[in-house]
Every structure is written in structure tokens, then in C-alpha cells.
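Residue numbers (this note's numbering): 79 to 170. Virtual Cβ for every residue (Gly too), placed ideally from N, Cα, C. The model shown is predicted, which means the values in this text are computed figures rather than measured ones. This report refers to the structure that appears directly beneath it.
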Amino acid sequence: MGFLMKKKNTIVEIRWEDAWVDTIDITIPEAKKLKPVTRTTVGWRISENDKGIVLATDYFNDDKKHINTPMYIPWGIILEYWEYEIDDTDNS
């Protein structure tokens, strides 16, 4: 898809379709009506390639080698993508 962006310190918002599972008994006609769950996720863009994008909820100000709560989303399930560039200023 045409989502590849390269800016540093960017927060992205992604609307995407996710798989889901339930442990209930339903009829086949009901099952044929099932749809993916649509989600919106916001996070720091860490990396991306031709297969998808890696986000994180947090990065550590004093440790640039580690992030927290990584998430990988394949491009094929992304519906919409927005990016928000963040000022690099330290406001501490």
C-alpha cells in the first residue's frame, strides 16, 4: 500500500480491521454474516517495511534502544493512516 512514511518522532493513527474469535455456538447462516472488528490504534512509529508497520506505546527518553508495548500491523489490513509530527523539544 502507499503508506510508507519516513519522518522521525512521528505519532501515527491507524484504522484497521482485526481478526477475532469467540467460543459460542452459532448457526452457519449467522457465521456467514460475521465481519472483522474495526480498530483505531495510536502510537509511535518505530519501523516499517513492505509488509507492515511497527508501533510502540512508549519509548524511553534516557534509553533509545528500548521501547514498550510493540505492535505490528500488516499493510493489508490497514484502512486509513494519519501521521502527526511531534516537536523534538525537551519540555522537562
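For residue 148, the first and last residue of its enclosing beta strand (DSSP E): Here residue 148 refers to the residue found at position 70 when the sequence shown is read from its first residue. First-last of the beta strand (DSSP E) with residue 148: 141-152.
Beta-bridge partners of residue 124, as assigned by DSSP: Reading the sequence shown from its first residue, position 46 is the one you call residue 124. DSSP, once it has assigned bridges, lists no residue as partnering residue 124.
Neighbourhood of residue 152 by C-beta, 8 Å cutoff - its chain only, sequence neighbours within 5 removed: Taking the first residue of the sequence shown as position 1, residue 152 is located at position 74. Counting only Cβ-Cβ distances below 8 Å, and skipping sequence neighbours, we find 129, 130.
Simplified DSSP state of residue 97, which is helix, strand or coil: Taking the sequence shown and counting its residues from 1, one reaches residue 97 at position 19. If DSSP states are grouped into helix, strand and coil, residue 97 belongs with coil.
Three-state secondary structure (DSSP) of residue 104: The residue labelled residue 104 in the question sits at position 26 within the sequence shown. Coil.
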